[in-house]
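S.K.: Residue numbers (the numbering used here), protein chains in the order written: chain Y, 1 to 312; chain X, 1 to 223; chain P, 1 to 135. Don't be surprised by glycine CBs; every beta carbon is placed ideally from N, CA and C. Here's a structure for you.
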Amino acid sequence: MNAVSGSNLEKVLAAGHFAVTAEVGPPRGPDIQAIKEKGEQVKGVADAFNVTDNQTAVVRMSSIAASKLLLEEGLEPVMQMVCRDRNRIAMQSDLLGAHALGLRNCLCLSGDHQSAGTSGKLKGHPGAKNVFDIDSIQLIAAVKGLRDGVQEGGDTITSPASFFIGAAWTPLGPPEKFRAIRLSKKIAAGADFIQTQAVYDMERFKEAMKRAMDMGLTEKTAILPGIIVPRSAGMLKYMNANVPGIEVPEAMIKRMADASDAKAEGLKIAVELIEMVKELPGAKGVHVQAIEAEHLLRDVIGKAGLLPRPQV
Amino acid sequence: MIFAEWKPVEELVEKLKGRKKILVAGCATCVAECAAGGEKEVDTMAPLISMGLKEKGIDAEITTVMVEKQCEYEFLDDIDAKVKDVDAVLSLACGIGVQAFAEQFPDTPIYPGVNTSGLTVREETGVWASRCAACGDCVLDETFGLCPVARCAKSLMNGPCGGTRKNGKCELNEETDCIWNKIVDRAEARGELETLATVRKTKNWSHARHGGPKKIVREDLKQ
Amino acid sequence: MNTATETKSLNIAILYCKNCISGDKSIHLSTDENGDFTVKPVMLPCSSNIQAYQLLRILDKEADGIELVACPGTSCEFMVGSCRAGKRVSYVRELLEKINVNPGRIGVSYTSNASVDDLLEIAANRAKAVNTLNQ
């Protein structure tokens with residue numbers, strides 16, 4: 001991989017370090033302070049921090065703005081961009097703007113359907129018109145195009161906008177036989193790094209990684225398996241039943257249910273999973289999430305022996 | 001066929017409040033197929049409007065007419081007298097039919113009685129499902145006869161998103177198939193899974209609505 | 001009709017499947033003892049054939065209330081007829097509710113070997129339900 005964007009994440013990977021990414025969700029309001037506090041909490045625990053783009057179709061501070069605020073706090077953001085809300089004109093324009101603001105990582109996603117925003121207590125915007133002008137793979141290609149100085153439509157731009165391009169992978173989602181092929185398409189389109197859906201069933205994930213490796217994909221991109229810190233047996237059960245692509249072994253649910261201190265057990269499980277990922281052939285890092293509990297990240301990542309993060 | 005569903009009948013009654021003589025006009029083609037604007041539906045709608053208005057203390061005269069095809073001007077010629085006799089028309093035809101009607105009878109207020117919402121197939125009696133989005137750029141040969149534009153909630157062109165459920169349904173709801181799951185199954189059954197490995201370039205949406213209102217002229221057919 | 005006043009006698013249409021009736025299939029009913037309502041019996045070959053538009057047309061122009069009398073459960077001659085009848089009546093009731101007309105104006109009864117008296121009782125119950133709406 002030639003250095004393309006100069007992002008910290010890219011440099012860490014290029015130097016052969018086991019990379020760590022985490023996530024910071026923007027607030028449901030214009031509060032700069034909220035971002036700063038979250039940033040303060042997780043500063044230094046990861047090489048870069050994903051900033052979600054109206055995740056689950058809930059309106060939040062824009063990914064670009066929140067990313068820029070994190071950058072000002074000394075954290076490197078991974079700006080997420082979904083295809084639901086903008087067409088190729090708006091996306092490319094936002095990418096140019098993001099680059100001008102100093103953002104260098106972009107994770108390209110399809111995006112949750114707008115109907116997802118009505119779940120839970122929120123009304124959301126189920127009547128919104130979605131866009132999906134281009135899909136996540138076409139977005140990867142478009143970001144790659146900007147890096148090469150060419151817009152999606154073929155016009156050149158005044159100077160290249162060099163991003164380190166990320167994509168997602170749900171290896172255990174159906175149709176499983178196609179998931180490695182889909183990964184290969186993302187890589188062919190230009191994905192430099194991959195963050196996966198949360199892994200709990202390490203055996204099945206290993207098989208998926210093996211398929212990717214046999215196809216030569218792990219050489220062409222940096223795969224960062226996703227780990228979500230479990231908080232309770234109920235949470236694991238819920239994710240197993242309701243979150244597509246997440247498979248949680250029964251034994252793990254039982255382990256959490258039997259634990260006298262579920263939160264401590266969850267941390268232990270997360271640490272064990274990260275340790276396994278570190279040994280996993282083809283994995284170049286880990287993407288760690290602690291949903292609504294970012295304060296746990298330092299502990300989990302530290303206990304997994306991944307702190308301090310390398311300075312590159 | 002074109003799919004339409006009745007507008008909420010209470011909404012129609014409310015809109016028709018000021019009208020004394022109303023013609024309920026059906027169409028014997030698509031909307032008859034989808035049980036929204038055929039003869040039966042016209043005959044169901046008419047007494048409902050009558051009763052609904054009566055409930056509001058309005059005695060209106062409701063008449064009915066079936067048009068073979070509301071979207072063809074020549075069929076509308078036949079009902080000239082009936083239309084001239086009323087002060088409003090409630091059309092149960094699709095949006096195309098309603099507009100042809102309005103064009104033919106510009107002096108008569110017309111109310112759409114249905115919402116036209118798609119191009120569907122009748123999967124079984126009483127069940128209809130989307131099949132075509134009229135995108136103007138058909139790819140069905142490359143997707144094994146299953147349309148990702150109309151049948152994927154995100155119109156994805158390069159395979160399924162991460163939202164496919166364990167049972168092969170869409171993240172949207174349990175009733176909707178993940179169409180990419182089905183496309184992959186068919187591709188595999190035919191031993192052609194690798195054809196889906198090519199990155200499909202961005203779609204040109206200008207062939208349909210996004211290119212502006214469409215007008216097609218076939219010189220070979222035009223008189 | 002729903003604008004009927006207390007002084008007016010109600011018209012109740014009894015649409016009955018011929019297989020629900022014991023003895024003579026073509027029955028004659030007129031008014032009940034008190035003269036609160038008159039009954040118009042209509043024999044059907046099977047309740048499944050009745051359509052929503054027919055029921056609505058009757059409610060709009062001919063009767064204050066309708067009772068559709070069908071065979072119970074799976075005893076329908078055509079297997080699913082009475083089940084369909086029930087669905088159609090539910091559909092009509094839904095529509096009536098939407099236009100603010102009391103859905104009690106129509107109902108379905110399932111019975112077999114019904115006598116004239118039984119039908120009269122069914123009609124009386126329907127008349128009662130219709131009257132509820134007028135109050």
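1) Once the 5 residues before and after E169(X) are set aside, which same chain residues still bring their CB inside 7 Å of it?
2) Helix, strand or coil: how does DSSP classify T52(Y) here?
3) Give a yes or no on whether the C-beta atoms belonging to K7(X) and V114(X) are separated by under 8 Å.
4) Which value, in whole angstroms, describes the spacing of the CA atoms of G212(X) and S206(X)?
5) Can you tell which of I140(Y), D155(Y), F49(Y) has its C-alpha closest to the C-alpha of C108(Y)?
6) Note down the Cα distance separating L119(P) from P47(X), rounded to an integer number of angstroms.
7) According to DSSP, simplified to helix, strand and coil, what is C20(P)?
8) Quick one: is L196(X) near chain Y, going by C-beta distance under 8 Å?
9) The stretch 133-145 of chain X: which residues have C-beta closer than 7 Å to a C-beta of chain Y, in chain order?
10) Applying a beta-carbon distance threshold of less than 8 Å, which residues of chain P neighbour M66(X)?
11) What residues in its chain sit with their C-beta under 7 Å from that of S155(X), if we drop five residues either side in the sequence?
12) Going by beta-carbon coordinates alone, are C161(X) and S110(Y) separated by less than 8 Å?
13) Report the neighbours of S93(Y) on chain X: residues whose CB is nearer than 8 Å to its CB, in chain order.
14) What residue from N130(Y), C106(Y), L296(Y) has the CA that sits closest to F164(Y)'s CA?
15) Which chain P residues are close to L48(X), counting only those with a beta carbon under 7 Å from its beta carbon?
16) Within the present structure, is the beta-carbon of G282(Y) separated from the nearest heavy atom of the ligand ZN by less than 7 Å?
17) Could one say the Cβ of T7(P) lies closer than 8 Å to chain X's Cβ atoms, at least one of them?
18) Could you tell me whether any Cβ in chain X is nearer than 8 Å to the Cβ of D133(Y)?
19) Measure the CB-CB distance between K121(Y) and E73(Y) and report whether it falls below 8 Å.
20) Mind checking who M66(X) pairs with in its DSSP beta bridge?
21) Would you call the stretch 290-307 of chain Y and the stretch 250-261 of chain Y in contact, with 3 or more CB pairs under 8 Å?
22) In three-state DSSP terms, what is E219(X)?
23) Given that T120(X) touches chain Y, what residues does it touch there, using C-beta distances under 9 Å?
24) If distances are taken between C-alpha atoms only, which option among M215(Y), G266(Y), A189(Y), R88(Y) comes closest to G153(Y)?
25) What in chain Y is Cβ-close to S155(X), meaning under 7 Å?
26) Provide the residue span of the alpha helix (DSSP H) that contains T196(Y), from first to last.
27) Reducing DSSP to helix, strand and coil, say where N130(Y) ends up.
28) Any idea if P308(Y) is buried or exposed, counting beta-carbon neighbours within 10 angstroms, 16 or more meaning buried?
29) What residue ranges within the stretch 193-260 of chain Y form continuous alpha helix (DSSP H) runs of no fewer than 4 residues, ordered along the chain?
30) Do you know offhand how far G159(X)'s Cα is from S130(X)'s?
31) Report yes if the CB atom of F193(Y) is closer than 8 Å to the CB atom of T221(Y), and no otherwise.
32) Cβ of G120(Y) less than 8 Å from any chain X Cβ?
33) Strictly below 7 Å CB to CB, what residues from chain Y border K166(X)?
34) Could you say if the stretch 51-61 of chain X and the stretch 110-129 of chain X meet the contact criterion of at least three C-beta pairs nearer than 8 Å?
35) For Y53(P) and chain X, any beta-carbon pair shorter than 8 Å?
36) Quick check: is the beta carbon of M1(Y) nearer than 8 Å to any beta carbon in chain X?
M.R.: According to the data block:
1) In the sequence under discussion, the amino acid at residue 169(X) is Lys, which differs from the Glu named in the question. Hits under 7 Å: T176, D177, C178.
2) Coil, per DSSP.
3) In this structure, V114(X) lies closer than 8 Å to K7(X) by Cβ.
4) Straight-line measurement puts the Cα of S206(X) at about 7 Å from the Cα of G212(X).
5) Nearest C-alpha to C108(Y) among I140(Y), D155(Y), F49(Y): I140(Y).
6) Rounded to whole angstroms, L119(P) to P47(X) spans 26 Å at the Cα level.
7) Residue state, collapsed to three classes: helix.
8) True, the Cβ-Cβ gap to chain Y drops below 8 Å.
9) Near chain Y, meaning a CB-to-CB distance below 7 Å, no residue of the stretch 133-145 of chain X qualifies.
10) Result: empty, since nearest Cβ-Cβ is about 13 Å, beyond 8 Å.
11) Taking S155(X) as the centre and dropping the five residues before and after it, the same chain places the C-beta of P148, V149 closer than 7 Å to its C-beta, in chain order.
12) It is a contact, given that the beta carbons lie within the stated cut-off.
13) Residues of chain X passing the Cβ test: none, with the nearest at roughly 16 Å.
14) For F164(Y), the nearest C-alpha among the options comes from C106(Y).
15) When 7 Å is used as the limit between beta carbons, L48(X) is near these residues of chain P: L56, L95, I99, in chain order.
16) No copy of the ligand ZN occurs in the structure displayed, which carries no ligand at all.
17) Residue confidence for T7(P) is low, a pLDDT of 46 falling below 50, so the modelled location carries little weight; the figure read from the coordinates is stated next. Residue contact with chain X for T7(P): absent (no Cβ-Cβ distance below 8 Å to any residue of chain X).
18) Taking Cβ atoms only, chain X reaches closer than 8 Å to D133(Y), which makes this a yes.
19) Judged by their CB atoms, K121(Y) and E73(Y) are not nearer to each other than the 8 Å cut-off.
20) Answer by DSSP bridge pairing, in chain order: G26(X).
21) No contact exists between the stretch 290-307 of chain Y and the stretch 250-261 of chain Y.
22) Here E219(X) sits in coil by DSSP.
23) Taking a Cβ-Cβ threshold of 9 Å, none of the residues of chain Y is close to T120(X); the smallest such distance is about 20 Å.
24) The candidate whose alpha carbon is nearest that of G153(Y) is R88(Y).
25) Going along chain Y in sequence order, the residues near S155(X) (Cβ under 7 Å) are F132.
26) Bounds of any alpha helix (DSSP H) do not take in T196(Y); it lies within the beta strand (DSSP E) bounded by 193-198.
27) Three-state DSSP puts N130(Y) in coil, outside helix and strand.
28) If you draw a 10 Å sphere on the C-beta of P308(Y), you find fewer than 16 other C-beta atoms in it, and that means exposed.
29) The DSSP assignment places 202-214, 217-220, 233-242, 250-258 as complete runs of the alpha helix (DSSP H) inside the stretch 193-260 of chain Y, in order along the chain (cut-off: 4 residues).
30) Looking at the two C-alpha atoms, the distance is approximately 19 Å.
31) For the pair F193(Y) and T221(Y), the CB atoms are nearer than the 8 Å cut-off.
32) So, not an interface residue.
33) In chain order: P174.
34) Remark: fewer than three beta-carbon pairs, one from each stretch, lie closer than 8 Å, so the stretch 51-61 of chain X and the stretch 110-129 of chain X are not flagged as touching.
35) Closer than 8 Å to some Cβ of chain X, the Cβ of Y53(P) qualifies, so yes.
36) Confidence at M1(Y) is low in this model, with a pLDDT of 47, below 50, so the placement of that residue is unreliable and no value is reported for it.
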